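Chains A and B are the protein sequences, given in the same order. Counting with the numbering used here, you get residues 64 to 309 for the letters of the first sequence. Counting with the numbering used here, you get residues 15 to 338 for the letters of the second sequence. Just so you know, even glycine gets a beta-carbon here, dropped at the ideal spot from N, CA and C. Everything numeric in this text was worked out from a predicted model, so none of it was measured. Let me begin by presenting the structure, written as structure tokens, before commenting on it.
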Amino acid sequence: MSPDSLVVTSPTGVDVELAIAGPGSRAYAFVIDWHIRLLAALAWFGIAAFVESGVVYLRANTPAAITAIIVLPALAIYFLYHPLVEIAMRGRTPGKRMAGVRIVNRQGGTPSTLALLIRNGFRLIDSLPAFYGLGLCVTLFSAQRLRVGDLAAGTLLVHDGDAEARALTQLGSLGVNPHLDAGIVALGNELLLRWPELEPARRRELARDLLRRIATGSSREPVNLEALDDRGLQLRLRSALSDRPA
Amino acid sequence: MIAGGKAPSWLAQRSAVWRRLGESLPTWRRGRLSRPDALQALEGYRGLARDVASARKALPGSPITTALETLYAALHAIVNRQPRHTLASLRHLYAVEIPATVQELKPHLLGVWLLFALSTAAGWWLIHTWPTLVGLVASPAMVQHVEHGELWTDGILNVTPSAVLSMRIFTNNIAVTIFACVAGIFYGLGTFYVIANNGLMLGGAFAFTREYGLDGELLKFIFAHGTVELSMICLGGAAGVALGESLIRPKMPSRRDSLQHCTAKIARLFAALIPLLVVCGLIEGFVSPDTAIGWPVRLVIGVANLALMFAVLSGRFFRSAAAA
């Protein structure tokens, strides 16, 4: 078990392994969220001040009304952003989503509302003495990269990112030809998944090589692989891996 | 490393099931699962566990295995999600869990009250003996008000309306109470500091106002809201002491487990503390600064507030409501 992963034992006997996010991902998510809540609070402040200044008539144009209408809601947006958004989005926030992380409990599941509230209550401690200094230090030196709030609430921040979406896309497009060697199937699928990231010349070369190996021992009619272009090779490989005609 | 041999035929057969599971995932994650959905998720989870195990053996490190593991982890989170019974949970929280926690915290509460009383006495003695030290417990504006023969709260309603004042007060009190609790993470020392500091300030304020014959007015101002407000801060402090104790004398195999167990228990208290502090804030905004309200009304409100606090913390109020 890697110290940077959370391995959860499942009743099925097959463990679930989740990669723990480090201080960098945490800080990245926090900075994005900080900007969002600051902008949201400022937007409220601006709009309410615009309304209060007389463009739209308000009866109570006093310092107290300004506090009640402009300042307090803006402060509420700023300070309640994390607890409310984390509860609503089940351990995610827009910043965490963009940084590719999410909060889980120690069983790898969605944390309870209570755990999320505890985690946020301890921000008062993590933010000491300023700019989350204590939280950052604890994150750097704790075994599973936890801040004080996570230690108290029994939560962790794990990598999530687009891994799930990618996995679902992959499962939808995987080719599994039972007549082929397992290694060829794995390599072929990997090549197809990484197709857009590879240099065109390199991917064509790899595809031709794989298709030649597939053709050996196949009853299909031989095809002139050199005549196929990039798209043709991709389709040919997909067809060979899924045992369907191109 | 890729294992040798043919690609298992089950991979091809199962890919349709994975696609279906993947399509259902966003819906299942969003809301409450219906019974057929829950059964389907459970069945899919079991089947996927077999697939992951087989894929790890046949195609270790391949994208197929990684994709299956990711789907499996997502389903694991859904299948192991805690059920939500909001109303029943709330009733249980107020009728059973909070009273039990308060009972458990009684020794800590006694200790915190003692610390608060001692620090109040110390604050009183300090300012009574050296009045020039009043700057430690009161702001220059407060001192100026008292020197002019009035409390700093007199006329406050002319400046700030009660609703805004209440909101400011209860927000501040909630923050102080939460801080008194979470500061206990420093082996209880942070909590001691918060409680002692509050006690010193209260004692100092009374000693200073006494010099100008305003201590009776200050008591009149505080009585209606203060008894419950200070009790809540002390209860938050008691929770903080329990937090510190869970680290000093862990009751579980590890300090981390002990801290987590203790936090989950004491955090429930705030479901009672926060509403009670809101009530105190409303009293402090609407009743306490109003000079037209005399002692008898304040006495009634103060005692009623105390009765409400005892009813909530003992769970009697909610047990009788549930019985009805």
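Taking C-beta separations shorter than 6 Å and ignoring five residues to either side along the sequence, the partners of residue 59 of chain B in its chain run 89 and 93, following chain order. Close to chain A, meaning a Cβ-Cβ distance shorter than 7 Å, are the following residues of the segment 86 to 112 of chain B: 86, 87, 88, 90, 91, 94, 95 and 96. In the three-state DSSP reduction, residue 302 of chain B falls in the coil class, being neither helix nor strand.
Assigned with DSSP and collapsed to three states, residue 82 of chain A falls in strand. Counting C-beta pairs with one atom in each stretch, the segment 141 to 148 of chain B and the segment 254 to 267 of chain B have fewer than three that are closer than 8 Å, which means they do not touch. Taking a Cβ-Cβ cut-off of 9 Å, the neighbours of residue 181 of chain B in chain A comprise 130, 131 and 135, given in sequence order. For residue 73 of chain B, a Cβ of chain A is located within less than 8 Å of the residue's own Cβ. Of the candidates A/106, A/170, A/138 and A/292, A/170 places its Cα closest to the Cα of residue 74 of chain A. Across the set B/49, B/271 and B/191, the C-alpha of B/191 shows the shortest separation from the C-alpha of residue 245 of chain B. Contacts with chain B (Cβ-Cβ distance below 8 Å) from the segment 168 to 202 of chain A involve 170, 171, 172, 173, 175, 177, 178, 180, 181, 184, 185, 187 and 188, listed in chain order.
Counting along the chain, residue 68 of chain A sits inside the beta strand (DSSP E) bounded by residues 68 to 71. Counting only residues of its own chain and dropping the five nearest sequence neighbours on each side, residue 188 of chain A has a CB closer than 7 Å to the CB of 197 and 211. Nothing from the segment 111 to 127 of chain B brings a Cβ to less than 8 Å from some Cβ of chain A. Beta-bridge partners of residue 261 of chain B (DSSP): none assigned. Using a CB distance cut-off of 8 Å, residue 203 of chain B does not count as an interface residue toward chain A.
Check the Cα spacing between residue 112 of chain B and each of B/272, B/249, B/301 and B/308: the tightest is with B/249. Approximately 30 Å separates the beta-carbon atoms of residue 148 of chain B and residue 202 of chain B; this is outside 8 Å, ruling out the contact. Cβ proximity to chain B below 7 Å picks out 211, 214, 215, 216 and 217 from the segment 210 to 221 of chain A. Cβ contact annotation for residue 42 of chain B (same chain, cutoff 7 Å, sequence separation greater than five): 51, 55 and 92, in chain order.
Assigned with DSSP and collapsed to three states, residue 272 of chain A falls in helix. In the structure shown, residue 165 of chain A falls within a strand segment according to DSSP collapsed to helix, strand and coil.
By the 16-neighbour rule on beta-carbons within 10 angstroms, residue 319 of chain B is buried.
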